[in-house]
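Please read the structure below before turning to the comments.
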Amino acid sequence: MMPRVAIYPGSFDPVTNGHLDVITRALSIVDRVIVAIAFNVNKQGLFPPERRAALLREVLAGEPRVEVETFSGLLVDYVTHRQASTIIRGLRAVADFEYEFQMALMNRRLAPAVDTLFLMTDERFFYVSSSLVREISALGGDVGQFVPPPVQRALEARRGVSPSG
Ligand code: PNS
Numbered sequence: 830m831m832p833r834v835a836i837y838p839g840s841f842d843p844v845t846n847g848h849l850d851v852i853t854r855a856l857s858i859v860d861r862v863i864v865a866i867a868f869n870v871n872k873q874g875l876f877p878p879e880r881r882a883a884l885l886r887e888v889l890a891g892e893p894r895v896e897v898e899t900f901s902g903l904l905v906d907y908v909t910h911r912q913a914s915t916i917i918r919g920l921r922a923v924a925d926f927e928y929e930f931q932m933a934l935m936n937r938r939l940a941p942a943v944d945t946l947f948l949m950t951d952e953r954f955f956y957v958s959s960s961l962v963r964e965i966s967a968l969g970g971d972v973g974q975f976v977p978p979p980v981q982r983a984l985e986a987r988r989g990v991s992p993s994g
């Protein structure tokens, strides 16, 4: 049987414990997960995509069934290029639903053979988002309970530095 491969796309700026929870759940369903960091030239973010990838690789070093890559262009093109047919997305509260629903249906329209699989994060992570983590850290708050230690260190190192990518 062909191994079942799923693509978990996102910005991951930075990866949070909520993302890691989704990856763990995905690994109980599929054989391999490719974490795909979207490279968006119009949206620089706090960490450049390669740095986000390096942090993800460090955090996921003990998990041989996970691969981390960056991609640019359309997600469905990347999914097809990687010969996968499943996109994983995490769902938190109701607020995520409309955006996720729209993206999933648009991706299905663009690539009918590709399906999106939604996984609900543990309720401990329902309110955790990369953007809130960035803001709390920039304002001197402790984000240790929301992100893995390498990410916390990276955020602390960047504290006080303006987001220029
Ligand atoms: O973590 P995010 O920022 O919610 O992830 C959004 C992401 C990267 C999955 C989405 O913006 C995306 O798929 N970008 C790639 C470009 C693309 O395919 N756009 C059309 C989506 S219907």
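Position one of the sequence shown corresponds to residue 830 (this note's numbering), numbered consecutively onward. Think of the CB as a built atom: it goes at the ideal place given N, C-alpha and C, for glycine as much as any other residue. Bear in mind that the values here come from a model prediction, so they are computed numbers and not experimental data.
Using only alpha-carbon positions, find the residue among the options that is nearest to residue i.
| i | options | result |
| --- | --- | --- |
| I919 | M831, A835, M830 | Looking at the sequence provided, one finds Gly at residue 919 rather than Ile. Among M831, A835, M830, the Cα nearest to that of G919 is on A835. |
| F947 | A922, Q931, M935, I917 | I917 |
| Y837 | V862, R854, Y928 | V862 |
| I852 | S959, R953, L885, Y928 | L885 |
| V976 | Y907, V957, L904 | V957 |
| V844 | V897, A942, M830, V870 | V897 |
Which residues in the same chain as residue i place their Cβ atom closer than 7 Å to its Cβ, once the five residues preceding and following it in sequence are excluded?
| i | result |
| --- | --- |
| D906 | none |
| G994 | In this predicted model, G994 has a pLDDT of only 43, less than 50, meaning its place in the structure is not dependable; the value taken from the coordinates is given anyway. The residues are Q873, G874, P877. |
Once you ignore the five residues that flank residue i on each side, which residues in its own chain have a CB closer than 8 Å to its CB?
| i | result |
| --- | --- |
| D842 | G874, L875, F876, R881, S959, R963 |
In the DSSP output, which residue or residues are listed as bridge partners for residue i?
| i | result |
| --- | --- |
| I917 | L946 |
Please list, following the chain, all residues that have a C-beta closer than 6 Å to any non-hydrogen atom of the ligand PNS.
Of all residues, those with a beta-carbon under 6 Å from at least one heavy atom of the ligand PNS are P838, G839, S840, A867, L903, L904, M932, M935, N936, reported in chain order.
Stretch-stretch touch, CB-based, cutoff 8 Å, three pairs: the region 884–902 with the region 928–946:
Cβ pair count under 8 Å is below three, so no.
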